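Below is one structure, written out as structure tokens; comments come after it.
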Amino acid sequence: MTKLILETISPIHIGNGSSYSNAEFLSIGNTIHRMDINKIYNLLNEKEREKFVDYLEDQQFKLDDFFRGKSLSIAESKLYSLERKGQTPRGEIREHIKTEMKGYLPGSSLKGAIKTVVMNAFMDKKKIEKIGEIFDNPDSKTRNKEIQKFIEDIFSSEGKQSSYSDFMRFVQISDFIPVSRLCVSEVRSLEVDDNINRWYWYQRGGKIVQSFLETIEVGEKLEGEIHFTYNYDVHHSLGLKGKADILNIEEIKYFIFNFSAEIIKHEISFSKKYNIDFLLDFYRKLKKLNSPESPVIKLGHGAGYLGTTIGLEIKKENHEVFEQVRRSLRGRSYEFEFPKTRRIAVEENVPMGWCKIL
129 MTKLILETIS PIHIGNGSSY SNAEFLSIGN TIHRMDINKI YNLLNEKERE
179 KFVDYLEDQQ FKLDDFFRGK SLSIAESKLY SLERKGQTPR GEIREHIKTE
229 MKGYLPGSSL KGAIKTVVMN AFMDKKKIEK IGEIFDNPDS KTRNKEIQKF
279 IEDIFSSEGK QSSYSDFMRF VQISDFIPVS RLCVSEVRSL EVDDNINRWY
329 WYQRGGKIVQ SFLETIEVGE KLEGEIHFTY NYDVHHSLGL KGKADILNIE
379 EIKYFIFNFS AEIIKHEISF SKKYNIDFLL DFYRKLKKLN SPESPVIKLG
429 HGAGYLGTTI GLEIKKENHE VFEQVRRSLR GRSYEFEFPK TRRIAVEENV
479 PMGWCKIL
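The following block contains the structure:
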């Protein structure tokens, strides 16, 4: 086992698929208390319980209003507390994944990001041309099957089932030790206008769209472990000789460094083009932090198309194939700039999801 420490450079959110509303939290000072509705109910007398149930049926109900003037114990009825980074959340707060009410970074999130990094490292001219051939097929179902097989062939030995011979199965990453406290961050979508080379916050109905997310805050050091189960005989029998050579932390870090360096380079160019000064400042600093021995990597909410696909490598090597892929993403593609949105934690004025492997 090799010890792994990740230091967060910007807020990280790994969602568990759930969210909660104003009816389920209290905002006191700079603290958000996530409350247990059943425990609150049990603290009330019979008359107050009836009122409380009626209030909960109102979509505009705020638990802050109900608690005002009452001597109810927060300590006895809360699930956990979070630091509020900015304004009091309006609407829902999306939950971060937890264990025993404590937020953590699952090892699967880092492993998935590493798999994307490795896939980019294995790209070459021939493979990208193959992607172009696949996307020539107008039938989306057939195309998706061929793409899946293309990915399996990268990580597996030809002719063997990917679940058995995928060399990433020989990489185990533990879940990281839970953090003591999560934060609530306001996140907005930054978009760009190619006509005037400027940026703006995404709006709906004339109002800026805001999301509120539970996040691991900046400056946290997350501790976990990575283990490579290398066995020459097993890997040779699976036809993984050569591919299995990357199963060491130094090689993985080098791949991550190169992948992140390309994203940073792209984001610096993007920021200059659309005059996004705060984003340009962030990525110039991130470029200095990124090194082969201690690379940076993007995880979770906000990782986006560039951080979770081979799109940037395709764009760099073959723009025609990139356009084929872009045009296939109906409803999510923009001719002048793809991708054109960025998820920004507005209190820190930084893009979501960046951390550094120490």
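In our numbering, each residue carries its 1-based index in the sequence shown increased by 128.
Even for Gly, the Cβ is constructed at its ideal location relative to N, Cα and C.
Keep in mind the model is a prediction, meaning the values are calculated, not measured.
A Cβ-Cβ contact shorter than 8 Å links residue 212 with residue 158. By the Cβ criterion, the region 252 to 262 is not in contact with the region 321 to 336, since fewer than three pairs of Cβ atoms, one from each stretch, lie closer than 8 Å. Taking 4 residues as the shortest admissible run, the region 204 to 259 contains the following complete alpha helix (DSSP H) segments, listed from N- to C-terminal end: 235 to 249. Secondary-structure assignment with DSSP links residue 469 through a beta bridge to 319.
Taking a contact to require three or more Cβ pairs closer than 8 Å, the region 141 to 154 and the region 172 to 190 qualify as touching. Contact check between the region 138 to 147 and the region 216 to 228: three or more CB pairs, one atom from each, fall below 8 Å, which counts as touching. Under DSSP, residue 428 shares a beta bridge with no residue. Nearest Cα to residue 132 within the set 478, 431, 376: 376.
According to DSSP, residue 350 shares a beta bridge with 134. Here residue 387 has 245, 248 as same chain residues with Cβ atoms under 6 Å from its own Cβ, once five neighbours each way along the sequence are excluded. Each residue's CA atom was taken as its position, placing residue 337 and residue 357 some 46 Å apart.
Judged by their CB atoms, residue 217 and residue 299 are not nearer to each other than the 8 Å cut-off. Excluding five sequence positions before and after residue 325, the CB atoms of its chain that fall closer than 7 Å to its own CB belong to 401, 402, 403, given in chain order.
Approximately 7 Å separates the beta-carbon atoms of residue 352 and residue 305; this is inside 8 Å, confirming the contact. Residue pairing for residue 188: DSSP places it in no beta bridge.
In its chain, beyond the 5 residues on either side, 344, 346, 348, 483 have a beta carbon closer than 6 Å to the beta carbon of residue 136.
DSSP places residue 159 in the uninterrupted beta strand (DSSP E) bounded by 159 to 163. If you look at residue 343, you'll find it in the beta strand (DSSP E) that goes 338 to 343. Judged by DSSP secondary structure, residue 148 falls within the beta strand (DSSP E) whose first and last residues are 143 to 148.
In the three-state DSSP reduction, residue 314 falls in the strand class (E or B). Bounds of any beta strand (DSSP E) do not take in residue 196, whose DSSP letter is neither H nor E. Taken through DSSP and simplified to helix, strand or coil, residue 304 comes out as coil.
Within 10 angstroms of the beta-carbon of residue 268 lie fewer than 16 other beta-carbons, which makes it exposed. When only Cα atoms are considered, residue 242 and residue 173 end up about 54 Å apart.
One Cα belongs to residue 438, the other to residue 141, and the distance between them is close to 22 Å. Under the three-state reduction of DSSP, residue 177 is assigned to helix.
Counting only the Cα atoms, residue 214 lies some 28 Å from residue 185. By the CB criterion at 8 Å, residue 479 and residue 398 fall outside the cutoff. Comparing alpha carbon positions, the residue from 179, 414, 272 closest to residue 395 is 414. With a cutoff of 8 Å on beta-carbon distance, residue 430 and residue 471 are scored as near each other.
Taking each of 134, 432, 448, 139 in turn and checking the Cα distance to residue 340, the smallest one comes out for 139.
The alpha-carbon separation between residue 420 and residue 389 amounts to approximately 10 Å. Taken through DSSP and simplified to helix, strand or coil, residue 169 comes out as helix. Only residues of its own chain outside the window of five on either side were considered, and among them none has a CB closer than 8 Å to the CB of residue 193. In summary, residue 443 is buried, with 16 or more beta-carbon neighbours lying within 10 Å of its beta-carbon over all protein chains present. As DSSP reads the structure, residue 266 sits in no beta bridge.
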